[in-house]
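What follows is a short report on a single structure.
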Amino acid sequence: MIAARPAGATMRYRLLDTTRAYALQLDVHDAELTELAARHVTYYLRWLEETGTEWPTLSSAAQRALHLAGIANVRAALEWCFGPDGNTQLGIRLATATAPVFLSMSLLTECHRWAAQAILALDNSTHGGPDEMRLQAASGVSLMFTRGGQDAARAALNRSFAIAEERGNALDQLQVLGPLQMFHLRTGGFRTALSYAERCSVIAGTIKDSVSTTLAHSLMGISLHLNGEHGRARTALEEALRYGPRSDRTTTNYLGFDGRILADAILARTLWLQGYPDRAVERALLTVKDAETLDHPLTLSIALVWAVSVLVWVGDFDRAEEHINRLFSCAELHSLRPYLTVGRGFQGELAIRRGDAESGVRSLQRVLQDLHAAPYELLTTPLSIALVQGFAATGRFAEALALINETIRSVEANGDLCYMPELLRGKANLVRVTKPGADDEAELYLRRSLEMSRGHGARGWE
119 MIAARPAGAT MRYRLLDTTR AYALQLDVHD AELTELAARH VTYYLRWLEE TGTEWPTLSS
179 AAQRALHLAG IANVRAALEW CFGPDGNTQL GIRLATATAP VFLSMSLLTE CHRWAAQAIL
239 ALDNSTHGGP DEMRLQAASG VSLMFTRGGQ DAARAALNRS FAIAEERGNA LDQLQVLGPL
299 QMFHLRTGGF RTALSYAERC SVIAGTIKDS VSTTLAHSLM GISLHLNGEH GRARTALEEA
359 LRYGPRSDRT TTNYLGFDGR ILADAILART LWLQGYPDRA VERALLTVKD AETLDHPLTL
419 SIALVWAVSV LVWVGDFDRA EEHINRLFSC AELHSLRPYL TVGRGFQGEL AIRRGDAESG
479 VRSLQRVLQD LHAAPYELLT TPLSIALVQG FAATGRFAEA LALINETIRS VEANGDLCYM
539 PELLRGKANL VRVTKPGADD EAELYLRRSL EMSRGHGARG WE
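Note that the sequence shown covers residues 119 to 580 in my numbering.
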């Protein structure tokens with residue numbers, strides 16, 4: 119009648135196929151079916167509440183395999199809850215418990231689908247409570263990574279943080295501040311992102327928890343890096359990594375990716391900027407390998423993007439192209455649209471650097487238009503620098519000068535100052551070409567570039 123199979127430390131019980139087929143043919147009263155469905159939901163809700171915290175610590179598909187059958191049951195339970203004869207109140211609780219599991223598995227589209235369904239089902243008894251806080255955060259994170267910085271993602275994250283502040287729980291606030299900081303990084307609000315990172319650090323200091331501390335250091339590190347404060351960034355990033363390889367795995371529950379991988383990836387870039395190209399490449403490639411072992415597509419995409427930036431900086435175009443192709447495979451399979459667009463941008467930059475400037479310019483113009491529309495501004499400055507180089511290589515100096523001036527204004531306004539030395543150097547070259555006899559002006563920009571590079575500790579730009 120029933121097959122019993124061991125699954126790790128537990129036993130799984132399944133009807134034999136013949137028994138199952140017979141049971142499905144039985145004429146069961148609707149009321150009894152409803153009761154059975156509700157009991158099924160309750161069972162898997164309890165299962166998620168007991169095992170949900172384990173998911174981010176399962177670093178491979180093999181380790182997660184024991185739980186995958188359970189997830190299939192959870193999906194069926196969610197379908198019933200939000201169906202015509204379901205129980206939406208149970209569905210809200212189940213969607214809340216499932217959201218961090220979907221995030222830890224990079225099932226972002228599915229995460230958003232059920233979080234959105236549950237949010238629509240909220241009533242006066244659940245509005246403004248812990249379930250809404252977690253559902254809004256999950257909805258915002260999943261939207262942010264699949265569709266870019268849309269207003270819906272911003273609204274969801276802001277709503278979640280407002281509830282967290284009202285509840286006054288420090289850990290809740292920290293878990294929403296992380297996604298908010300990433301949202302503003304991705305939409306080009308680098309100074310705003312730094313302020314959120316600083317708030318994370320303050321709150322983490324009140325919580326005696328290494329995971330929270332690691333998260334705060336990771337977020338501070340990337341903000342300082344983009345702000346051009348490479349010495350402080352390196353200190354923060356190395357501090358984030360100090361607790362060991364698995365200390366912050368639970369950040370996938372609410373941040374959507376592994377925080378340690380982000381810290382490693384940004385540390386690789388920081389090392390290049392500080393004048394250690396060999397160490398930077400070694401760190402970037404090792405970070406990609408570490409991300410692969412997690413079997414978490416979003417985390418791997420993040421590692422690949424930042425690794426490509428380092429490989430382009432050192433001129434290893436063949437390996438950069440290899441990693442771009444891997445990024446395409448990963449991002450396309452898991453509907454990570456912003457990462458597909460960034461991958462096309464890197465392809466355009468490689469085309470320019472390899473001498474096919476016309477093709478590279480066309481590609482980058484389309485990519486930048488798409489990224490601005492998303493908006494996804496985290497890498498638009500370096501891609502704009504590449505487009506400036508493409509314009510110059512094709513003799514379109516007026517367009518190059520207009521774009522570099524526009525990009526400098528954007529950097530000054532938004533705060534990704536780490537690229538300013540390279541922008542000033544590029545402007546010096548354009549002034550020298552487009553303004554005969556303007557050597558003094560060009561030299562002024564070069565001096566400013568050198569001064570800023572030294573102030574940032576960016577020997578790579580020097």
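The beta-carbon is built from N, C-alpha and C at its ideal position, and this holds for glycine as well.
- Looking at the backbone, the Cα of Gly247 and that of Leu501 are separated by about 42 Å.
- Three or more beta-carbon pairs separated by less than 8 Å are not found between the stretch 259-273 and the stretch 235-242, which leaves the two stretches without contact.
- The stretch 471-489 and the stretch 276-292 do not touch, with fewer than 3 CB-CB distances between them shorter than 8 Å.
- Distance from the CA atom of Val219 to the CA atom of Arg514, rounded to whole angstroms, is 50 Å.
- Membership of Phe435 in the alpha helix (DSSP H) is indicated by the continuous run Phe435 to Leu451.
- Distance from the CA of Leu489 to the CA of Val432, rounded to the nearest whole angstrom, comes to 25 Å.
- Spanning the alpha carbons of Asn205 and Trp198 requires a straight line of approximately 8 Å.
- Spanning the alpha carbons of Ser313 and Cys536 requires a straight line of approximately 17 Å.
- DSSP places Ala121 in the strand class (E or B) of the three-state scheme.
- Only residues of its own chain outside the window of five on either side were considered, and among them Ala274, Arg277 and Ser278 have a CB closer than 6 Å to the CB of Gln254, listed in chain order.
- For the pair of segments examined, the stretch 381-397 was found not to touch the stretch 301-311: the number of CB pairs separated by less than 8 Å stays below three.
- For the pair Glu400 and Asp203, the Cα-to-Cα distance works out to about 56 Å.
- Boundaries of the alpha helix (DSSP H) harbouring Tyr563: Asp557 to His574, taken from the DSSP string.
- The beta carbon of Leu564 lies closer than 8 Å to those of Leu542, Arg543 and Ala546 in the same chain, with the five residues before and after it left out.
- Within the same chain, Cβ atoms closer than 7 Å to the Cβ of Arg462 are found at Ser481 and Val485, the five residues on either side in sequence being excluded.
- The Cβ-Cβ distance between Leu344 and Gly533 falls below 9 Å.
- A check of alpha carbon separations from Glu357 across Ile189, Leu337, Pro554 and Arg138 identifies Leu337 as the nearest.
- With a contact defined as Cβ atoms closer than 8 Å, Ala270 and Leu221 miss out at about 17 Å.
- The Cβ neighbour count for Thr411, taken over all protein chains shown within 10 Å, is under 16; the residue is labelled exposed.
- Taking C-beta separations shorter than 8 Å and ignoring five residues to either side along the sequence, the partners of Ile321 in its chain run Ala288, Gln291, Leu292, Leu295, Ser330 and Ala334, following chain order.
- Distances from the CA of Val426 to each of Thr405, Glu450 and Asp413 were compared; the closest alpha carbon is that of Thr405.
- The alpha-carbon separation between Asp557 and Ala421 amounts to approximately 41 Å.
- Counted as a single uninterrupted DSSP element, the alpha helix (DSSP H) harbouring Gly463 occupies residues Arg455 to Arg471.
- Close CB contacts of Gly346 within its chain, under the 6 Å cut and outside five residues either way in sequence, are with Leu535, Cys536 and His574 (chain order).
- Leu133 is bridged by DSSP to Ile120.
- Residue environment for Ile120: exposed (fewer than 16 other C-beta atoms within 10 angstroms of its C-beta).
- Contiguous alpha helix (DSSP H) elements confined to the stretch 212-285 occur at 226-238, 248-265 and 269-285, taking only those with 4 or more residues.
- Of the other Cβ atoms in all chains shown, fewer than 16 fall within 10 Å of the Cβ of Val146; this residue is therefore exposed.
- Trp424 is the residue among Ser453, His452 and Trp424 whose C-alpha sits nearest the C-alpha of Ile442.
- Rounded to whole angstroms, the Cβ separation of Leu355 and Ala381 is 5 Å, and the two are in contact under 8 Å.
- The straight-line gap separating the alpha-carbon atoms of Arg272 and Glu495 is approximately 15 Å.
- Rounded to whole angstroms, the gap between the alpha carbons of Gln465 and Ile189 is 37 Å.
- A Cβ-Cβ distance of about 6 Å is found for the pair Ala195 and His158, placing them in contact under the 8 Å criterion.
- With fewer than 16 other Cβ atoms from the protein chains shown falling within 10 Å of its own Cβ, Arg527 counts as exposed.
- Taking 9 Å as the cut-off, the Cβ atoms of Leu208 and Ala156 count as close.
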